[in-house]
Amino acid sequence: MVMSLSAGFQFSLNFLQAKKILRKLTGLCCMLLFTLCLFADQENGGKALASPPGRWNKADVTFDSNTAFESLVVSSDKKTVENVGVPQVVPDNPERFNSSPCVLGSPGFQSGKHFFEVKYGTQREWAVGIAGKSVERKRNLRLVPEERIWQRGLWWLRGLDSDKPHNSSGKIIVFLDYNGGKVIFNLNGEVTTVKANFNREEVVPFYYLGGGVSLTNL
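Counting in this note's numbering, the sequence shown tops out at residue 215, every number present.
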């Protein structure tokens, strides 16, 4: 009987100690989760960036300087482009935009699920998205699907894509589901899905930059 009481006491003691340890671990896990959420919140301008379900291939996108409008300057590593507002001396090759401040990216896509990320600054006159390889280069463009362009961006004078003010830098993620016929945009946590008919055409990353705007492929 003495041995039974002793064993029972020891079991109760071990159980209480285990409960205390579990509570401490639970508290630490909650603190860790809160910290991770806080960092994600600060890193993404106050919103956690959501990704659509499924497996997506991250594309290593660069700017194609041969397509860049005359006032767009592409960095030597082809990762950053800036609209300097002053025409540069560039050849008027067939691939180049000569009426709209646009540039295309590389590589192109004709199947699969892909995504790329673009960092923007505090300027608000830009658009990022997908364009058909046959997009018009030699006249002013309307940034609409009828022109083979699917895009989202930020604008000073019109709430085309977002009516909320954006006074800080941020990131836009473009998800291309070629076979599914859709483009998904994640602009600092605001997700928009656009249906698209690619007609089996190769599509490429597309960028529009207003004066003074700089964009960087991540």
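The beta-carbon is built from N, C-alpha and C at its ideal position, and this holds for glycine as well.
- Residue 64 sits away from residue 113, with the two beta carbons spaced by 8 Å or more.
- With a cutoff of 8 Å on beta-carbon distance, residue 200 and residue 169 are scored as not near each other.
- Put simply, of 175, 89, 102 the residue whose alpha carbon is nearest the alpha carbon of residue 74 is 102.
- Of the candidates 87, 146, 76, 137, the residue whose Cα lies closest to the Cα of residue 68 is 87.
- The distance from the Cβ of residue 211 to that of residue 77 is about 6 Å, consistent with a contact at the 8 Å cut-off.
- Using a Cβ distance threshold of 8 Å, residue 99 and residue 151 do not count as a contacting pair.
- Closest in alpha carbon position to residue 135, among 108, 91, 121, 119, is 91.
- Of the candidates 197, 196, 213, 209, the residue whose Cα lies closest to the Cα of residue 203 is 213.
- Between the C-alpha atoms of residue 66 and residue 194 there is a straight-line separation of about 26 Å.
- In this structure residue 61 is buried. Its beta-carbon is surrounded by 16 or more other beta-carbon atoms within 10 angstroms.
- Between the beta-carbon of residue 147 and that of residue 207 there is about 19 Å, and that puts the pair past the 8 Å contact cut.
- Residue 215 and residue 115 do touch by the CB rule: their CB atoms are close to 7 Å apart, below 8 Å.
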